[in-house]
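Participant: Encoded as structure tokens, here's the structure I'll be asking about.
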Amino acid sequence: MVDVSLDNLDAVVAQCVGAISDASSLDSLLSLEAEMVGKRSPFTALQKSLGSLSPDERKSAGAQLQAARQRVEEAFATRRTSLAAEHRIAVLEADRLDLGDVVSARVRVPVRAGHPGIISLTQESLEDTFVGMGFVVADGPEIETDWYNFEALNIPPAHPARGMWDTFYLDIGEPETVLLRTHTSPTQIHLMEEAVAQGTLPLHAVMPGRCYRRDTPDARHLASFHQIEGLVVDEGITFADLAGTIETFTRAFFGPDITSRLRPAYFPFTEPSAEFEITCTICRGAGCRTCSQTGWIELGGCGMVDPAVFAAVGIDTDRYSGFAFGFGIDRCAQMRHGIADMRAITENDVRFLELFS
Ligand SMILES: [Zn+2]
1 MVDVSLDNLD AVVAQCVGAI SDASSLDSLL SLEAEMVGKR SPFTALQKSL
51 GSLSPDERKS AGAQLQAARQ RVEEAFATRR TSLAAEHRIA VLEADRLDLG
101 DVVSARVRVP VRAGHPGIIS LTQESLEDTF VGMGFVVADG PEIETDWYNF
151 EALNIPPAHP ARGMWDTFYL DIGEPETVLL RTHTSPTQIH LMEEAVAQGT
201 LPLHAVMPGR CYRRDTPDAR HLASFHQIEG LVVDEGITFA DLAGTIETFT
251 RAFFGPDITS RLRPAYFPFT EPSAEFEITC TICRGAGCRT CSQTGWIELG
301 GCGMVDPAVF AAVGIDTDRY SGFAFGFGID RCAQMRHGIA DMRAITENDV
351 RFLELFS
């Protein structure tokens, strides 16, 4: 920096102001400040030299010098403010988040949406099949009285057939009078009572729902499971209608190469009764381990509605006859999708759940 004298004061101030406004950082501004107005600066040297002047001269020169110095210091203050603002903007720019990247990164993460489970999907598909065959879908309570679950279905107290169902009883009212339904059949009783009371017979209904039995869960059984039950009550219904309905359903639901057959069986609420089997869906009838080399798999039970059941709900057996059938929705899903162990259905393993999305 050039020496400062009272003669070149304006020129030096102009030079300083120019250098200050060119300073590109707060650091360089600080070193300029030390150089221009610090203890070793020409301004300070000139200040000290004023001591040799006469008092009048010193007063005038001091005022000039003070004004010049003030202009330089104001230039520093102005530049410092603008550099601080620039610095702040630079910091904000550096810290800026590119939300475009963030958003596209989120989109690349696969979205894991939930979806209905295999039982719900199978139930919907079964309902669709039966609705296509002319049935309506009906619902009933899961908590039942002994009368709806057993007695009205021709299973009086102490009847040996009660051993077919290991029942969960609820601690309500008289012992063993309120229970978790062991099958969907009590819904048949509700429907028939309603139809008789309202005079809306005939009936063509399917009744899906959850049932309960005191079973220890294993590969083929669950303590809480799902059934779908069908009931037809009309004039002139015969066993041939039952067999035809089972066969039509089997082909519609499992495919045209799967067929059905009936084998004699016993159920208290139907007479005659049958178990129905379908072509093994794994080996398509050729014989495999799942079907014990027979080519057939048991799906459910069926039969003509027992007159004792019609009597319990007040249906005139001289005019009406009917059939009923039922099978497990879980078992149906197991066979349709080749699920080796039923317990997978209730264990909520995401790897299993995602197989059926
Ligand atoms: Zn097989």
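In the numbering used here, the protein residues as written are 1 to 357.
Backbone N, C-alpha and C fix where the C-beta goes; we use that ideal spot for every residue, glycine too.
Values in this document were obtained by computation on a predicted structure and should not be read as measured data.
(1) Pull up the distance between the alpha-carbon of D349 and that of R210, whole angstroms please.
(2) What are the boundary residues of the alpha helix (DSSP H) that Y148 is part of?
(3) Straight-line CA distance for A324 to T250?
(4) Measuring CA to CA, which of G303, D306, E298 is closest to G328?
(5) In chain order, what are the residue ranges of uninterrupted alpha helix (DSSP H) at least 4 long that sit wholly in the segment 295-320?
(6) Would you report the Cα separation of D22 and P110, rounded to the nearest angstrom?
(7) Following the continuous alpha helix (DSSP H) through A45, name the residue where it begins and the one where it ends.
(8) Rounded to whole angstroms, what's the CA-CA distance from A11 to L99? Just pull it up for me.
(9) Identify the continuous beta strand (DSSP E) that holds E235 and give its terminal residues.
(10) Buried or exposed: E30, going by 16 or more other Cβ atoms within 10 Å of its Cβ?
(11) Check for me: the beta strand (DSSP E) holding R214 runs from which residue to which?
(12) Among the residues of its own chain, which have a CB less than 6 Å from the CB of D241, if the five just before and after it don't count?
(13) If we ignore side chains and look at the alpha-carbon of each, how far apart do V37 and F43 end up?
(14) For ligand 2, I want to know if I278 counts as a neighbour, meaning its beta carbon is within less than 7 Å of at least one of the ligand's heavy atoms.
(15) Assign A75 to one of two classes, buried (16 or more other C-beta atoms within 10 Å of its C-beta) or exposed (fewer than that).
Facilitator: On the basis of the supplied data:
(1) By 1-based counting over the sequence shown, the position of residue 349 is 349. By 1-based counting over the sequence shown, the position of residue 210 is 210. Take the alpha-carbon of D349 and the one of R210: they are about 21 Å apart.
(2) In the sequence shown, counting from the first residue as 1, residue 148 sits at position 148. Per DSSP, Y148 belongs to the alpha helix (DSSP H) from 146-149.
(3) Residue mapping note: residue 324 aligns to position 324 of the sequence shown, counting from 1. Residue mapping note: residue 250 aligns to position 250 of the sequence shown, counting from 1. Each residue's alpha carbon lies about 15 Å from the other.
(4) Taking the sequence shown and counting its residues from 1, one reaches residue 328 at position 328. When G303, D306, E298 are compared, the shortest CA-CA separation from G328 is found for E298.
(5) Counting whole runs of 4 or more residues, the segment 295-320 contains the alpha helix (DSSP H) stretches 307-313.
(6) Start at 1 with the first residue of the sequence shown, and residue 22 comes out as number 22. Start at 1 with the first residue of the sequence shown, and residue 110 comes out as number 110. If you draw a straight line from the Cα of D22 to the Cα of P110, it comes to about 53 Å.
(7) Residue 45 sits at position 45 when you count from the first residue of the sequence shown. Here the alpha helix (DSSP H) through A45 covers 42-49.
(8) By one-based count along the sequence shown, residue 11 stands at place 11. By one-based count along the sequence shown, residue 99 stands at place 99. Each residue's Cα considered, the two are about 52 Å apart.
(9) Locating residue 235 in the sequence shown gives position 235, counting from the first residue. Careful: E235 lies outside any beta strand (DSSP E) and carries neither H nor E.
(10) Mapped onto the sequence shown, residue 30 falls at position 30. Residue identity differs from the one stated: residue 30 is Leu in this sequence, not Glu. By the 10 Å Cβ count, L30 comes out exposed.
(11) The count along the sequence shown starts at 1 and reaches residue 214 at position 214. Segment: none, R214 is in no beta strand (DSSP E) and carries neither H nor E.
(12) The sequence position of residue 241 within the sequence shown is 241, counting from 1. For D241, where only same-chain residues beyond five positions count, there are no Cβ hits under 6 Å.
(13) Taking the first residue of the sequence shown as position 1, residue 37 is located at position 37. Taking the first residue of the sequence shown as position 1, residue 43 is located at position 43. Rounded to the nearest angstrom, the two C-alpha atoms are 6 Å apart.
(14) Looking at this structure, you won't find ligand 2 anywhere; what it does contain is ligand 1.
(15) Numbered from 1 along the sequence shown, position 75 holds the residue referred to as residue 75. By the neighbour-count definition (other C-beta atoms within 10 Å, threshold 16), A75 is a buried residue.
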